[in-house]
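Q: Heads up: the sequence lines are chains A and B, in that order.
At position 11 of the first sequence the residue is numbered 11 (the numbering used here), and the sequence of numbers has no breaks.
At position 120 of the second sequence the residue is numbered 1120 (the numbering used here), and the sequence of numbers has no breaks.
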Amino acid sequence: MQVRVHFYSYFKDLAGASEITEMIAPGARLESLLQQVYLRFPKLAAMRKSALVAVGVDYQAGEYLLAEGDEVSLFPPVQGG
Amino acid sequence: MRRELAISEQKIDEQALSRSRAASAGMGAAVYFVGIVRGTEEGRPISGLAYEAFEKMARYQFELLFDQAQTRWPLESVRLVHRVGFVAAGEASLWIEVVAPHREEAFAACQFIVREMKRVVPIWKKAFPLA
């Protein structure tokens, strides 16, 4: 199934794109998708410890079960204010 | 609890926000905080900061924080404005006001929302060095 992945802040520069589409197995967990993304973008992989991950508008952990059409977002620590 | 939230490229009009303050008879405290862009970043002079938001998620996360604040303190209103786009040094990037019966809960709620915003609301900034 297809899942769209969005990047924000300097993660866009590290990925060279603001969004990509990844193919994953049905029933895959978020952590599997992230492994795929990090393999594709080694510069992002270097930031994995500090990366924040959301599905839709909620933060999610690696065990989250992805569904067709999910919008995943990957970004660095937030800095508002 | 009344809520107003704006994520905007427009300059923050503090006077207009103050003029539009509403507080019912039982309210004894209006605490507001203004975040101002510093003229330096890591010791170097800057012209300003460019703010980027994942707006849909930022709005949702702000609402969650307002929900939590409402649960913890008897607030009458929270109003919050966050700039996006380029904000020059010296300009306001954040304005928040909390109206409550007493100052303790107003200060505490204001501090809580700003502190948690810096942890969960997806907004980022990029410094522009002074040319």
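Ideal Cβ placement from N, Cα and C applies to all residues, glycine included.
Predicted model only: the values in this text are computed from it and were never measured.
Determine, using beta carbons only, whether G81(A) comes closer than 7 Å to chain B.
A: Position 81 of the first sequence, counted from the start, is the residue given in the question as residue 81(A). It does: the Cβ of G81(A) has a partner Cβ on chain B nearer than 7 Å.
Q: So that I know if they touch, is there some Cβ in chain B lying closer than 7 Å to that of A54(A)?
A: The residue given as residue 54(A) occupies position 54 in the first sequence. Yes, A54(A) counts as interfacial toward chain B.
Q: Identify the contact partners of Y64(A) in chain B, using a Cβ-Cβ distance below 9 Å as the criterion.
A: As a first step, residue 64(A) must be located in the first sequence, where it is residue number 64. Ordered by position in chain B, no residue passes the 9 Å Cβ test against Y64(A), which lies about 15 Å from the chain.
Q: Assuming I1007(B) is part of the alpha helix (DSSP H), what are its boundary residues?
A: Here residue 1007(B) refers to the residue found at position 7 when the second sequence is read from its first residue. No alpha helix (DSSP H) contains I1007(B), which is instead part of the beta strand (DSSP E) from R1002 to S1008.
Q: On the DSSP letters alone, give me the boundaries of the beta strand (DSSP E) that F1112(B) sits inside.
A: What you label residue 1112(B) is simply residue 112 of the second sequence in a count that begins at 1. Run containing F1112(B): none in the beta strand (DSSP E); it sits in the alpha helix (DSSP H), R1103 to V1120.
Q: Let's see if you can read the secondary structure: which residues bound the beta strand (DSSP E) around Q1068(B)?
A: Locating residue 1068(B) in the second sequence gives position 68, where the first residue counts as 1. Q1068(B) -> not in any beta strand (DSSP E); alpha helix (DSSP H) instead, spanning E1055 to R1072.
Q: Using 7 Å as the threshold, is the C-beta distance between A1092(B) and V1098(B) below it?
A: To locate residue 1092(B), count along the second sequence from 1; it is residue 92. To locate residue 1098(B), count along the second sequence from 1; it is residue 98. Cβ atoms of A1092(B) and V1098(B): not closer than 7 Å.
Q: If F1066(B) and R1003(B) are in contact, beta carbons under 8 Å, what's the gap, nearest whole angstrom?
A: As a first step, residue 1066(B) must be located in the second sequence, where it is residue number 66. As a first step, residue 1003(B) must be located in the second sequence, where it is residue number 3. About 5 Å separates the two Cβ atoms, so the contact holds.
Q: Against S18(A), what residues of chain B qualify as contacts under a CB-to-CB distance less than 9 Å, listed in chain order?
A: Here residue 18(A) is taken as the residue at index 18 of the first sequence, counted from 1. In chain order: nothing, as chain B lies at least about 11 Å away.
Q: With 16 other CB atoms within 10 Å as the buried threshold, where does I1096(B) fall?
A: For this step, residue 1096(B) is matched to residue 96 along the second sequence. I1096(B) comes out buried.
Q: Going by the CB atoms, is the gap between V3(A) and D58(A) shorter than 7 Å?
A: Against the first sequence, residue 58(A) aligns to sequence position 58. Against the first sequence, residue 3(A) aligns to sequence position 3. Their beta carbons are not under 7 Å apart, which means D58(A) does not touch V3(A) by this criterion.
Q: Taking W1095(B) as the query, report the chain A residues whose CB atoms sit under 7 Å from its CB, ordered along the chain.
A: Here residue 1095(B) refers to the residue found at position 95 when the second sequence is read from its first residue. The contacting residues do not exist; W1095(B) stays about 11 Å from chain A at best.
Q: Under a three-way DSSP split, which group does L1075(B) fall into?
A: By one-based count along the second sequence, residue 1075(B) stands at place 75. If DSSP states are grouped into helix, strand and coil, L1075(B) belongs with coil.
Q: Which residues does DSSP list as the beta-bridge partners of E1052(B)?
A: In the second sequence, residue 1052(B) corresponds to position 52, counting from 1. Paired residues: W1124(B).
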